[in-house]
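A.B. asks:
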Amino acid sequence: MKPAENGLSDHLTMSGLGRRFGSFTALDNVSLSIRKGEFVCLLGPSGCGKTTLLRLIAGLDLPDSGSIALQSRDITRAAPAQRDYGIVFQSYALFPNLNVAANIAYGLQPRHDKQRQRQRVRELLDMVGLPGAEDKYPAQLSGGQQQRVALARALATSPGLLLLDEPLSALDARVRDKLREELKGLQQRLGVTTLMVTHDQEEALAIADRVVVMNAGRIEQIGTPAEIYRQPGSRFVAEFVGEANWLSASAIGAQQVRAGHHTLQLAQPLPAQQSLQLFLRPEDVIIKPRWENARNTVLARVDNISFGGAMTRIRLLPEGMPGQVLYAEVCPGMLDRQPLVPGEIVPLELPADRLLAFAGEASC
Amino acid sequence: MLSMVWRWLPQRSSVSGEARVAAVLVWLLVLILMLGLGLPLLFIFAKAVQDGDGGFVGLRNLLQVLDSPGLMRACSNSLQLGVTVTALVVPLAFVFAWALLRSRLWGRGLWRQIGLSPLLAPSLMPAISLVYLFGNQGLLKGWLHGGNIYGFWGVVLGELFYTFPHALLIIMTALSAADGRLYEAGRVLGASPLRQFFTITLPGVRYGLVSAALVVLTLVLTDFGVPKVVGGDFNVLAVEAFKQVVGQQNFPRGAVVGLLLLLPAILSCMVERRMARRQQAALTARAQPFSPAASCWRDGVALLLLLAISLLLLSLLGVGVAASFIRYWPYQMDLTLLHYQFDMVDGGGWAAYVNSLQLASATALLGSVLVFVGAYVCEKLPGAALGRGVLRFLAMLPMAVPGLVLGLGYVFFFNHPANPLQGWYGSLGLMVLCCVAHFYTTAHLTAATALKQLDGEFEAVAASLKVPFWVTLWRVSLPVCLPALVDVARFLFVSAMTTLSALIFIMTPEHSLAAVSIITMDDAGDTAAAAAMASLVVLSSAGVSLLLSLLERLLGQRSQRWRRPG
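Those sequence lines, one after another, are chains C and W. Residue numbering for the first sequence is 115 to 478, as defined by the numbering used here. Residue numbering for the second sequence is 464 to 1029, as defined by the numbering used here.
1. Have a look at Gln652(W) and Val668(W) and give me their C-alpha separation to the nearest angstrom.
2. Between the C-alpha atoms of Val351(C) and Ala287(C), what's the straight-line distance to the nearest angstrom?
3. Does DSSP classify Ala748(W) as helix, strand or coil?
4. Only counting the same chain, and skipping five residues up and downstream in sequence, which positions put a Cβ closer than 8 Å to that of Gln387(C)?
5. Would you say Asp918(W) lies against chain C (beta-carbon separation less than 7 Å)?
6. Among Val558(W), Ala965(W), Gly695(W), Gly601(W), which one has its Cα closest to the Cα of Leu766(W)?
7. Which residue from Gly423(C), Gly299(C), Arg133(C), Asp198(C) puts its Cα closest to that of Ser181(C)?
8. Run through DSSP, which three-state label would Ile612(W) get?
9. Is any beta-carbon of chain C found at less than 7 Å from that of Lys510(W)?
10. Tell me the start and end of each unbroken beta strand (DSSP E) in the stretch 162-236 of chain C that is at least 3 residues and wholly inside, in chain order.
11. Could you spell out where the beta strand (DSSP E) holding Phe472(C) opens and where it closes?
12. Relative to the C-alpha of Tyr791(W), which candidate in Gly601(W), Val708(W), Leu966(W) has its C-alpha closest?
13. Within 7 Å of any Cβ in chain C, is that where the Cβ of Val943(W) sits?
14. Check whether the Cβ atoms of Val594(W) and Val548(W) lie closer than 7 Å to each other.
15. With a threshold of 6 Å on Cβ separation, who are the neighbours of Glu357(C) within its own chain once the five nearest residues in sequence on each side are excluded?
16. With Thr662(W) as the anchor, note down where its alpha helix (DSSP H) starts and where it stops.
17. Compare the C-beta of Ala823(W) with all C-beta atoms of chain C and state if any pair is closer than 7 Å.
18. Should Gly866(W) and His974(W) be called a contact, given that it needs their Cβ atoms to be closer than 7 Å?
19. What number of angstroms, rounded off, separates the C-alpha of Arg262(C) from the C-alpha of Pro252(C)?
20. Which residues, in chain order, does the stretch 921-933 of chain W contribute to contact with chain C at a C-beta distance below 8 Å?
21. With 16 as the cutoff for other CB atoms within 10 Å, does Gly130(C) come out buried or exposed?
22. From the DSSP output, read off the bridge partner residues of Thr312(C).
23. Assuming contact is defined by CB atoms lying nearer than 7 Å, are Gly846(W) and Pro503(W) in contact in what I supplied?
24. Going by DSSP in three states, Leu278(C) sits in which element: helix, strand or coil?
25. Assuming Leu776(W) and Ser580(W) are in contact, meaning their beta carbons sit under 8 Å apart, how far apart are those beta carbons, in whole angstroms?
26. DSSP puts Ser147(C) in a beta bridge; with which residues?
27. Can you list, in chain order, the residues of its chain whose CB lies under 8 Å from that of Ala748(W), leaving out five sequence neighbours each side?
28. Taking the Cβ atom as the reference point for each residue, do Ser998(W) and Ser787(W) lie within a distance shorter than 7 Å?
29. Going by C-alpha to C-alpha distance, which of Phe135(C), His125(C), Leu167(C) sits closest to Glu152(C)?
30. Please report the Cβ distance between Asn524(W) and Arg716(W), rounded to the nearest whole angstrom; I am assuming they are in contact, meaning their Cβ atoms lie under 8 Å.
31. Which residues mark the beginning and the end of the beta strand (DSSP E) in which Tyr441(C) is found?
32. Going by DSSP, name the residue or residues bridged to Tyr791(W).
33. Name, please, each residue of chain W whose Cβ falls closer than 7 Å to the Cβ of Thr271(C).
34. What first and last residue would you give for the beta strand (DSSP E) that runs through Asp417(C)?
35. Exposed or buried, what is Ile634(W) when buried is set at 16 or more other beta-carbons lying within 10 Å of its beta-carbon?
36. If you draw a straight line from the C-alpha of Leu265(C) to the C-alpha of Ala471(C), how long is it?
Now the structure itself:
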């Protein structure tokens, strides 16, 4: 079931949220709506305000300004227990002295109906893929298993909203990938509205229906993973998400720039500034088999080739752009057809529809 | 009062019963500590600037004290004593701690217990032992060549015994935080063991050494058990304060002396704060625990050092215990229980002992509950930020207040004719309050450290599951912190059993206490009975410590099952 089909209504709405800690502005006028059943990721570097936002939603902290509504009920200042959510922290925060069953049943009501609790715990453990783990203690479980128990505990009371605070970042890579997939599957099956905080852009792009990129207490861009990756809305997003080539250029026409001795065409209008930075993903650099006098085609010297598994990374020094370096990523199959050797000069196409221009000087 | 408290309840969150309960709890604890600590201290300040009839006289009392030659001599005596004892105890404790932690000797747990054994005894115990060894009928009196144990060196020896375990605990903590990688690097770079000691070991414990020195200095300056018994003509400030208040009923002068005794503690607190700011974490997360390499030579030296110091400590403890069973030291050395028949002597006898047991039990029980709840609301609950700030301050305050000063404050505050609680004066309840307040800081820090090790998100998770904090406190925080809580109870029991300084001011003859009756008996010349009572105190402290350890182990088997990895 696609989230967009069943959810016309907004499940969670934040408007104009602000939070300051002394002179530090953690959140600055943040507004965001999340639809019912949607999986949204808050993505940003540490200190960008994403965790502060999550804590405001959870009621663990109160905003200085703005409001939060859950299913059109104002919960801005409600106590955590008066909201309706389950939460999973990076540390899992499993109660160490209670076994798995008692951890999961911690919030179940009525508290003394042991029979029903046992049944519900069994359901939840089956759901997260840990059947029969009732009597174990957290210290006896691996990190991934603890994570599943924490998830089961958060879902036990069937909350309308699931909050995840960097839930996967304490796990090693292989377990993380597996759990990420399972988490997404479970979320779709249950249709629970989910908000996850992460600093891992790959994770955010892989799991979310929509990604919210945050920086310095503000929202930089909201969009689907493909939009965020292919059409970054700001220089910050372009730099933070994925790998990119940056070329210094200056505007010479409505959609034309000069980079070194070359004139390049863009498919989109340019920002108003004279001094620009061109953005191009490494996988969008096209290495041509032979020279054609086409638009946006330049010559470059192959400097270095490094094998990287699925993609091979090629360091290129374009002619006529002194001091610039371009990286291209090509699949090994292409290299089989057209072998490259360091020192060789190859023609490149920098596709006009993939080139984006941002204002400003070179970064770093 | 209540309406004032209500105003401080968190207004930001909407009506949440849970937040309200938390705020009420915070302010209730503040109220208790204000009553048991804050107000008595304020009354000392007030008393110090009043004459005997309550009229304001400004600094006249202080000037009078500064002008009185007797008091000034006591003051300089105190300082001389403090510096001497500190200069002796800190190296001894360091040597002991080094031999314990940096060698591979067997039985290090036993040595440790011996090093800490003075904690179980009232500070009078070494003084009594000294009297038996070097007093007028002392066994080893000949060693003094006609000299006299009553006086400066007698007090020094007694204080040495009394302050040793305090210094040892601090230095052991500092020494155990050693990063093995530094020593490996030193060895690889070719540093000799001596050079390693001076460039790695000593700088690592610098902070601990200074801290231990400050604690010892403060303890010596404010203790009056030892000087009372073996001081002779050697008068110190702490005894002077006692004489002024209890003997001469000169409250204003007692208050000024009390304030003078507050100075070293406040000074040490300030120095420690400054140092703590400069001190970086000695152990980073990646540090490797240090484990000493095998070395017969070093272990031999360590064994000799341990033996020598242990002998000194055990003799100062053991002679008193032994003497209590001996008919007439040193003339009739046959064993008897005669001295345990306290009803024949002054001091309250067995009733005093029972009182002490009751006091110590009540302090341990009520104190642990109070301290744990206090530490919990300080560490784990949001809201009532002002109240928690005040509570934290009050929790750290007792560290800077010697028992003697606290006792004076109790006299001035609770014995004030206008105080509605005056009827409480001299009761067991007040003494329990006094003990809890007196030992609050150490207990609070123990509980707070244990609570800090719990995941900070437990309360957040519980709130998201709509479970109120008191359920989480009961089901999770308390069971997990149980070992620390048993430690707190043990500490409170032993401290209340052995302490003298604060309680001697507020007890009444009807409610005498064991530690106080030791002084009474010793004053009356019944040294053997005093030794018997001191031995009883040691025995009870040791017994209850052992009992609590067993209880901890028993509880551990039932409720700490989760600690064992499967």
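Yeah, the Cβ is synthetic: ideal placement off N, Cα and C, and Gly gets one too. None of the values given here were measured: they were computed from a predicted structure.
C.D. replies: By the coordinates alone:
1. Taking the first residue of the second sequence as 1, we reach residue 652(W) at position 189. Taking the first residue of the second sequence as 1, we reach residue 668(W) at position 205. For the record, residue 652(W) in the displayed sequence is Leu; it is not Gln. For Leu652(W) and Val668(W), the distance between alpha carbons rounds to 22 Å.
2. Along the first sequence, read from residue 1 onward, the residue named residue 351(C) stands at position 237. Along the first sequence, read from residue 1 onward, the residue named residue 287(C) stands at position 173. Val351(C) and Ala287(C): Cα-Cα distance of roughly 24 Å.
3. Position 285 of the second sequence, counted from the first residue, corresponds to residue 748(W). Confidence is the limiting factor: at Ala748(W) the pLDDT is only 49, short of 50, which leaves the residue's position unreliable and the question unanswerable from this model.
4. Mapped onto the first sequence, residue 387(C) falls at position 273. For Gln387(C), where only same-chain residues beyond five positions count, the Cβ hits under 8 Å are Ala365, Ala473, Gly474.
5. Position 455 of the second sequence holds residue 918(W). Interface residue, yes.
6. In the second sequence, residue 766(W) corresponds to position 303, counting from 1. Nearest option by C-alpha distance: Val558(W).
7. Here the question's residue 181(C) lines up with position 67 in the first sequence. Answer by Cα proximity: Arg133(C).
8. By one-based count along the second sequence, residue 612(W) stands at place 149. Look at Ile612(W) here: in three-state DSSP terms it is coil, with no helix or strand label.
9. Against the second sequence, residue 510(W) aligns to sequence position 47. Judged by the 7 Å Cβ criterion, Lys510(W) is not in contact with chain C.
10. 179-184, 199-202
11. Position 358 of the first sequence, counting from 1, holds the residue named residue 472(C). Counting along the chain, the beta strand (DSSP E) containing Phe472(C) begins and ends at 470-473.
12. Counting from one through the second sequence, the residue named residue 791(W) turns up at place 328. For the residues Gly601(W), Val708(W), Leu966(W), the minimum Cα distance to Tyr791(W) belongs to Gly601(W).
13. In the second sequence, residue 943(W) corresponds to position 480, counting from 1. Yes, its Cβ sits closer than 7 Å to a Cβ of chain C.
14. As a position in the second sequence, residue 594(W) is number 131, starting the count at 1. As a position in the second sequence, residue 548(W) is number 85, starting the count at 1. Contact: no.
15. Within the first sequence, numbered from 1, the residue matching residue 357(C) stands at position 243. Excluding residues within five positions, the ones whose Cβ falls inside 6 Å are Pro396.
16. Within the second sequence, residue 662(W) is the residue found at index 199, counting from 1. From DSSP, Thr662(W) is part of no alpha helix (DSSP H); its letter is neither H nor E.
17. Within the second sequence, numbered from 1, the residue matching residue 823(W) stands at position 360. No - not a single Cβ of chain C is within 7 Å of the one on Ala823(W).
18. Stepping through the second sequence from its first residue, residue 866(W) is reached at position 403. Stepping through the second sequence from its first residue, residue 974(W) is reached at position 511. Contact: no.
19. For the purposes of this step, residue 262(C) is taken as residue 148 along the first sequence, with counting starting at 1. For the purposes of this step, residue 252(C) is taken as residue 138 along the first sequence, with counting starting at 1. In a straight line, the C-alpha of Arg262(C) is about 11 Å away from that of Pro252(C).
20. Phe921, Ala923, Val924, Ala925, Ala926, Ser927, Leu928, Lys929, Val930, Pro931
21. Here residue 130(C) refers to the residue found at position 16 when the first sequence is read from its first residue. Here Gly130(C) is exposed: its Cβ has fewer than 16 other Cβ atoms, across all protein chains shown, within 10 Å.
22. Here residue 312(C) corresponds to residue number 198 of the first sequence, with the count starting at 1. In the DSSP output, where bridge partners are listed per residue, Thr312(C) has Leu157(C).
23. Residue numbering aside, residue 846(W) sits at position 383 when the second sequence is read from its first letter. Residue numbering aside, residue 503(W) sits at position 40 when the second sequence is read from its first letter. Going by C-beta atoms, Gly846(W) is not nearer than 7 Å to Pro503(W).
24. The residue labelled residue 278(C) in the question sits at position 164 within the first sequence. Reduced to three states, the DSSP call for Leu278(C) is strand.
25. Mapped onto the second sequence, residue 776(W) falls at position 313. Mapped onto the second sequence, residue 580(W) falls at position 117. Right, their Cβ atoms sit about 6 Å apart.
26. Counted from its first residue, the first sequence places residue 147(C) at position 33. Its beta-bridge partners are Thr127(C).
27. Taking the second sequence and counting its residues from 1, the one referred to as residue 748(W) is at position 285. Bear in mind that the predicted position of Ala748(W) carries a pLDDT of just 49, short of 50, making it too unreliable to give a figure here.
28. For this step, residue 998(W) is matched to residue 535 along the second sequence. For this step, residue 787(W) is matched to residue 324 along the second sequence. Cβ atoms of Ser998(W) and Ser787(W): closer than 7 Å.
29. Counting from one through the first sequence, the residue named residue 152(C) turns up at place 38. Nearest of Phe135(C), His125(C), Leu167(C) to Glu152(C), Cα basis: His125(C).
30. Translated into positions along the second sequence, residue 524(W) becomes position 61. Translated into positions along the second sequence, residue 716(W) becomes position 253. At roughly 6 Å, the Cβ-Cβ gap stays under 8 Å, so Asn524(W) and Arg716(W) are in contact.
31. As a first step, residue 441(C) is located in the first sequence; it is residue number 327 there, counting from the start. Tyr441(C) -> beta strand (DSSP E) spans 440-444.
32. Within the second sequence, the letter at position 328 stands for residue 791(W). Listed as beta-bridge partners of Tyr791(W) by DSSP are Gln795(W).
33. Numbered from 1 along the first sequence, position 157 holds the residue referred to as residue 271(C). By Cβ distance, chain W contributes Leu928.
34. Taking the first sequence and counting its residues from 1, the one referred to as residue 417(C) is at position 303. Taken as a continuous stretch (DSSP letters only), the beta strand (DSSP E) holding Asp417(C) covers 411-422.
35. As a working mapping, residue 634(W) is identified with position 171 in the second sequence. Ile634(W) comes out buried.
36. Translated into the one-based positions of the first sequence, residue 265(C) becomes position 151. Translated into the one-based positions of the first sequence, residue 471(C) becomes position 357. Cα to Cα, Leu265(C) sits roughly 42 Å from Ala471(C).
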